[in-house]
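*Asks:* Below is a structure I'd like to ask you about.
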Amino acid sequence: MELDLSREELLNLQEKKFKRTMELAFKTPLYSQKFKEAGLSLADITSLKDLEKLPFSSKQDIVKDYRAAIADHSDLSVFHTTSGTSGIPTVVGYTNNDVETQTLNEARNLLTAGFKKGDIIINTTPYGMFFAGVCIHDAIRRIGAVVVPAGKLASSRQQVDMIHFYRPTGVIGIAQFILKWASLYEDMFGEDPRESSLNRGYALGEPVPESKRKRIEDVWDIDLRIGYGLTEVGSGGECEEKNGVHWQEDLSLVEVIDPDINERVADGERGELVYTTISRTGTLAIRFCSRDSSFIVGGDCSCGHITRRVMPPEFRLDGLIKIKGALTSPFAIDSAIFSYEGVRDYLVVVSEDSSGLDRVDVFIDSDSFTPRQIESLYDRFGGKIWFNPSSVKIVEKDSIPVIGRKGKKIIDLRAEADYGDELKTFLEKYGESHQ
Numbered sequence: 010m011e012l013d014l015s016r017e018e019l020l021n022l023q024e025k026k027f028k029r030t031m032e033l034a035f036k037t038p039l040y041s042q043k044f045k046e047a048g049l050s051l052a053d054i055t056s057l058k059d060l061e062k063l064p065f066s067s068k069q070d071i072v073k074d075y076r077a078a079i080a081d082h083s084d085l086s087v088f089h090t091t092s093g094t095s096g097i098p099t100v101v102g103y104t105n106n107d108v109e110t111q112t113l114n115e116a117r118n119l120l121t122a123g124f125k126k127g128d129i130i131i132n133t134t135p136y137g138m139f140f141a142g143v144c145i146h147d148a149i150r151r152i153g154a155v156v157v158p159a160g161k162l163a164s165s166r167q168q169v170d171m172i173h174f175y176r177p178t179g180v181i182g183i184a185q186f187i188l189k190w191a192s193l194y195e196d197m198f199g200e201d202p203r204e205s206s207l208n209r210g211y212a213l214g215e216p217v218p219e220s221k222r223k224r225i226e227d228v229w230d231i232d233l234r235i236g237y238g239l240t241e242v243g244s245g246g247e248c249e250e251k252n253g254v255h256w257q258e259d260l261s262l263v264e265v266i267d268p269d270i271n272e273r274v275a276d277g278e279r280g281e282l283v284y285t286t287i288s289r290t291g292t293l294a295i296r297f298c299s300r301d302s303s304f305i306v307g308g309d310c311s312c313g314h315i316t317r318r319v320m321p322p323e324f325r326l327d328g329l330i331k332i333k334g335a336l337t338s339p340f341a342i343d344s345a346i347f348s349y350e351g352v353r354d355y356l357v358v359v360s361e362d363s364s365g366l367d368r369v370d371v372f373i374d375s376d377s378f379t380p381r382q383i384e385s386l387y388d389r390f391g392g393k394i395w396f397n398p399s400s401v402k403i404v405e406k407d408s409i410p411v412i413g414r415k416g417k418k419i420i421d422l423r424a425e426a427d428y429g430d431e432l433k434t435f436l437e438k439y440g441e442s443h444q
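Shown next, in the form of C-alpha cells:
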C-alpha cells in the first residue's frame with residue numbers, strides 16, 4: 010500500500026503515467042481545446058520535461074462545463090463536489106479507478122500520520138456530496154482500522170457523545186471543532202479530555218497555525234497531524250516531522266509557480282501550487298491552478314518517505330481580505346489569537362461604522378483572558394496584522410455561533426449582510442450596532 014520505490018523508480022513511473030494521461034487529456038473537450046489554442050499536438054508532449062509547455066487550467070474551466078474535463082464517461086462511478094468555500098462548488102466525476110486511487114491516497118496519508126491497524130477512528134468529516142467524508146471512511150477501513158462514521162451528526166454534543174461512548178483512539182475532522190469539543194467533553198461528562206481514549210488526531214479542511222495545533226494537542230493530550238488536499242486533485246498528510254505534507258507523487262504532480270510570470274520557482278520559494286493528475290480517468294486536472302499559496306520543503310525527510318513535502322497553505326491568493334486598508338489572511342488572525350493560552354474559540358466581525366470606515370470587533374471565548382492580554386492583543390494585531398481592532402470582547406463559554414459548514418471565523422458584513430439568525434442574535438447580545 011505504501012509507496013515502496015526509489016526516487017528514480019518513482020520518476021520512471023511518473024513518466025509512464027503522464028504519457029497515458031496526456032493521451033486521455035487530448036481526447037477531452039476542455040483540454041483538447043486548450044492545447045489547440047496553445048498550438049500543441051500530442052506529438053509535442055513526449056516526456057515530463059514537456060509539462061511546462063502545457064497551458065494552465067482553473068476551477069472556472071471545470072465549473073463552466075464539468076463534463077468537458079472527464080476522460081472516461083463509460084466508467085463513471087460517482088459525482089462529488091468541492092466544499093465551495095471560495096465560491097461555486099466544482100463538480101468532480103470519479104470513475105471506479107479514481108475512487109480506488111483516492112482511497113489509496115488517503116490510506117497512505119493515514120499511515121503517514123501514524124494511524125495503524127486496530128485503531129478505532131471517529132471520522133467527523135461530512136459525508137454526502139463532499140468527497141472527504143466517504144473517502145476517509147474507506148481509507149480507515151483500508152488500513153485495517155475501525156471507523157466510527159460520525160460525519161452526519163447534527164451537533165457538537167452528539168460528536169462528543171460518540172467520542173465518550175465508542176472510546177476511539179483517533180479523531181479526524183476540522184481543527185477548530187476538535188478544539189471546541191474538548192471543553193464540551195469536560196462539561197458533558199465531568200472528565201478531563203486529556204484522560205479520554207484519544208491519542209491521535211488528523212485535522213483537515215482549513216489551515217492550522219502552530220499555536221492552534223499546540224492548543225489542541227495540550228487540551229486532548231494527543232499527537233495532531235495535518236492533512237491538505239483538493240477534491241479535484243488529491244491530498245497529502247504529515248509524518249512525525251510535522252514539516253509539510255508528503256504528496257503522493259505517483260498519483261499527481263505538484264509544481265510551484267510564480268503567478269506574476271507563470272514560471273516555476275525553486276524548492277523553498279513561495280508561489281501558487283499547481284497540480285496535474287496522472288492516475289485519474291474521470292475529471293482530469295492538467296496544470297490546475299489551486300490559488301493556494303505555499304512552497305515545497307526542500308531536502309530529504311528523516312521519516313524515510315521519498316515523496317516531496319508540500320507546506321500546507323496559509324492562505325489562498327484570492328482569499329486575502331482588505332481590512333482598514335491592509336491585506337490580511339484568516340490564517341494570520343487565527344495564529345495571533347490562538348497564541349494566547351485559554352482561548353477556546355473566537356469570531357471576528359468586520360463591518361462599516363456610521364462614517365463608512367471599517368470596524369473590526371473581536372469576540373473571544375475564554376475564562377482566563379485578562380485585561381492585560383486584551384491590551385496585548387490590540388498591539389499584536391497592529392504589529393503582526395497591520396490593523397487594530399475596534400473592540401475586543403470576552404463572551405460566554407460556547408456562545409460563538411458556528412457559521413457555515415467549516416465554522417467561518419471572519420465574518421465580513423461589508424460583503425454580505427445576512428449570515429443568519431444565530432449571528433444576528435449573537436451580535437445583538439455582544440456587539441455594537443451592525444445595521
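Here the sequence shown is numbered in my numbering, starting from 10 and rising by one per residue. For every residue, glycine included, the Cβ atom is placed at its ideal position computed from N, Cα and C. Values in this document were obtained by computation on a predicted structure and should not be read as measured data.
(1) Which stretch, first to last residue, makes up the alpha helix (DSSP H) that contains Phe174?
(2) Beta-carbon separation of Lys433 and Ser408 under 9 Å?
(3) Arg318 to Met31, Cα distance in whole Å?
(4) Buried or exposed: Lys189, going by 16 or more other Cβ atoms within 10 Å of its Cβ?
(5) Do you know offhand how far Ser66's Cα is from Thr290's?
(6) So for Thr434, helix, strand or coil by DSSP?
(7) Looking at the structure shown, is Arg353 part of a helix, part of a strand, or coil, going by DSSP?
(8) Our contact map puts Lys26 next to Ser244 with C-beta atoms below 8 Å; I'd like the distance itself, whole angstroms only.
(9) Compute the Euclidean distance between the alpha carbons of Gln444 and Leu356, then round it to the nearest angstrom.
(10) Could you compute how far the alpha carbon of Leu113 sits from the alpha carbon of Asn397?
(11) Just to confirm before moving on: does the CB-CB distance between Gly123 and Thr134 stay below 9 Å?
(12) Give me whichever residues DSSP pairs with Ser360 in a beta bridge.
(13) Whole angstroms are fine: how far does the CA of Ile145 sit from the CA of Val157?
(14) Which whole-angstrom value describes the C-beta separation of Ile373 and Val411, a residue pair presumed to lie in contact below a C-beta threshold of 8 Å?
(15) If you draw a straight line from the C-alpha of Ser15 to the C-alpha of Asp309, how long is it?
(16) Whole angstroms is fine: what's the gap from Gly246's alpha carbon to Gly214's?
(17) Is the stretch 366-382 touching the stretch 332-351, taking contact as three or more C-beta pairs under 8 Å?
(18) Can you tell me whether Arg209 is buried or exposed? The criterion is at least 16 other CB atoms within 10 Å of its CB, across all chains shown.
(19) In whole angstroms, give me the CA-to-CA distance for Pro380 and Gln185.
(20) Examine chain B for any beta-carbon lying closer than 9 Å to the beta-carbon of Gly416, and answer yes or no.
(21) Of the choices Lys221, Glu350, Lys68, whose alpha-carbon is the least far from that of Phe378?
(22) Does the Cβ of Pro38 have 16 or more other Cβ atoms within 10 Å, making it buried, or fewer, making it exposed?
(23) Who are the near neighbours of Arg222 in its chain, counting only those whose CB is closer than 6 Å to its CB and skipping five residues on each side?
(24) Within the continuous beta strand (DSSP E) that includes Thr104, where are the two ends?
(25) Taking three-plus beta-carbon pairs below 8 Å as touching, is the stretch 167-174 in contact with the stretch 264-275?
(26) Which partner residues of Leu85 appear in the DSSP bridge assignment?
(27) Just checking my contact of Leu282 with Val263 at CB under 8 Å: how many whole Å lie between their CB atoms?
(28) Which whole-angstrom value is the C-beta distance of Glu241 and Phe297, which I expect to be below 8 Å?
(29) Would you mind working out which of Ile295, Lys406, Ser338 sits nearest Asp59, comparing C-alpha positions?
(30) Expressed to the nearest angstrom, what Euclidean distance is found between the alpha-carbon atoms of Thr337 and Leu329?
(31) I think Pro216 touches Glu115, with their Cβ atoms under 8 Å apart; what is that distance to the nearest whole Å?
(32) So, at 6 Å on beta carbons, what are the nonlocal neighbours of Ser442 in its own chain, with the 5 sequence-adjacent residues on each side left out?
(33) Can you name the start and end residues of the beta strand (DSSP E) that Arg224 belongs to?
*Replies:* So, from the listed chains and residues:
(1) Looking up residue 174 in the sequence shown gives position 165. Where Phe174 is concerned, the enclosing alpha helix (DSSP H) stretches over 165-175.
(2) Position 424 of the sequence shown, counted from the first residue, corresponds to residue 433. Position 399 of the sequence shown, counted from the first residue, corresponds to residue 408. Contact: no.
(3) Taking the first residue of the sequence shown as 1, we reach residue 318 at position 309. Taking the first residue of the sequence shown as 1, we reach residue 31 at position 22. Using only the alpha carbons, I get a separation of about 25 Å.
(4) Taking the first residue of the sequence shown as 1, we reach residue 189 at position 180. It is buried - the Cβ of Lys189 has at least 16 other Cβ atoms within 10 Å.
(5) Residue 66 sits at position 57 when you count from the first residue of the sequence shown. Residue 290 sits at position 281 when you count from the first residue of the sequence shown. Going from the Cα of Ser66 to the Cα of Thr290 covers about 17 Å.
(6) Along the sequence shown, read from residue 1 onward, the residue named residue 434 stands at position 425. Helix at Thr434.
(7) Mapped onto the sequence shown, residue 353 falls at position 344. Residue state, collapsed to three classes: coil.
(8) Mapped onto the sequence shown, residue 26 falls at position 17. Mapped onto the sequence shown, residue 244 falls at position 235. Their Cβ separation, rounded to whole angstroms, is 17 Å, which puts Lys26 and Ser244 out of contact at 8 Å.
(9) If you number the sequence shown from 1, residue 444 lands on position 435. If you number the sequence shown from 1, residue 356 lands on position 347. Residue placement at Gln444 is flagged as unreliable, the pLDDT there being 42, under the threshold of 50; the coordinate-derived value follows with that caveat. Using only the alpha carbons, I get a separation of about 18 Å.
(10) Along the sequence shown, read from residue 1 onward, the residue named residue 113 stands at position 104. Along the sequence shown, read from residue 1 onward, the residue named residue 397 stands at position 388. Each residue's alpha carbon lies about 46 Å from the other.
(11) For this step, residue 123 is matched to residue 114 along the sequence shown. For this step, residue 134 is matched to residue 125 along the sequence shown. No, the Cβ-Cβ distance between Gly123 and Thr134 is not below 9 Å.
(12) By 1-based counting over the sequence shown, the position of residue 360 is 351. Paired residues: Arg368.
(13) Looking up residue 157 in the sequence shown gives position 148. Looking up residue 145 in the sequence shown gives position 136. Their Cα atoms are separated by approximately 11 Å.
(14) Taking the first residue of the sequence shown as 1, we reach residue 373 at position 364. Taking the first residue of the sequence shown as 1, we reach residue 411 at position 402. Actually they do not touch by this definition, with Cβ atoms about 16 Å apart.
(15) The residue labelled residue 15 in the question sits at position 6 within the sequence shown. The residue labelled residue 309 in the question sits at position 300 within the sequence shown. One C-alpha to the other measures close to 12 Å.
(16) Position 237 of the sequence shown holds residue 246. Position 205 of the sequence shown holds residue 214. Gly246 and Gly214 have their C-alpha atoms some 12 Å from each other.
(17) Counting Cβ pairs under 8 Å, three or more are found: they touch.
(18) Taking the sequence shown and counting its residues from 1, one reaches residue 209 at position 200. Of the other Cβ atoms in all chains shown, 16 or more fall within 10 Å of the Cβ of Arg209; this residue is therefore buried.
(19) Here residue 380 refers to the residue found at position 371 of the sequence shown. Here residue 185 refers to the residue found at position 176 of the sequence shown. Between Pro380 and Gln185, the C-alpha separation is close to 24 Å.
(20) Protein chains in the displayed structure number just one, and chain B is not present.
(21) As a position in the sequence shown, residue 378 is number 369, starting the count at 1. Nearest of Lys221, Glu350, Lys68 to Phe378, Cα basis: Glu350.
(22) Stepping through the sequence shown from its first residue, residue 38 is reached at position 29. When all chains shown are included, Pro38 counts as exposed.
(23) Mapped onto the sequence shown, residue 222 falls at position 213. Closer than 6 Å at the Cβ level, and outside the excluded window around Arg222, lie Leu233.
(24) Taking the sequence shown and counting its residues from 1, the one referred to as residue 104 is at position 95. It spans 100-104 - the beta strand (DSSP E) in which Thr104 sits, taken as one unbroken run.
(25) At 8 Å Cβ cutoff, the stretches do not touch.
(26) Within the sequence shown, the letter at position 76 stands for residue 85. Note: Leu85 sits in a beta bridge opposite Thr104.
(27) As a working mapping, residue 282 is identified with position 273 in the sequence shown. As a working mapping, residue 263 is identified with position 254 in the sequence shown. Right, the Cβ-Cβ distance comes to about 6 Å (below 8 Å), so this counts as a contact.
(28) In the sequence shown, counting from the first residue as 1, residue 241 sits at position 232. In the sequence shown, counting from the first residue as 1, residue 297 sits at position 288. About 6 Å separates the two Cβ atoms, so the contact holds.
(29) For this step, residue 59 is matched to residue 50 along the sequence shown. With distances taken between Cα atoms, Asp59 lies closest to Ile295.
(30) The sequence position of residue 337 within the sequence shown is 328, counting from 1. The sequence position of residue 329 within the sequence shown is 320, counting from 1. Those two C-alpha atoms are separated by around 5 Å.
(31) Residue mapping note: residue 216 aligns to position 207 of the sequence shown, counting from 1. Residue mapping note: residue 115 aligns to position 106 of the sequence shown, counting from 1. Contact flag wrong, Cβ pair sits at about 19 Å.
(32) Reading the sequence shown from its first residue, position 433 is the one you call residue 442. Unreliable placement is indicated for Ser442, whose pLDDT of 47 sits below 50; the coordinate value is still reported in the next sentence. There are no such residues.
(33) The count along the sequence shown starts at 1 and reaches residue 224 at position 215. No beta strand (DSSP E) holds Arg224; the alpha helix (DSSP H) holding it covers 219-229.
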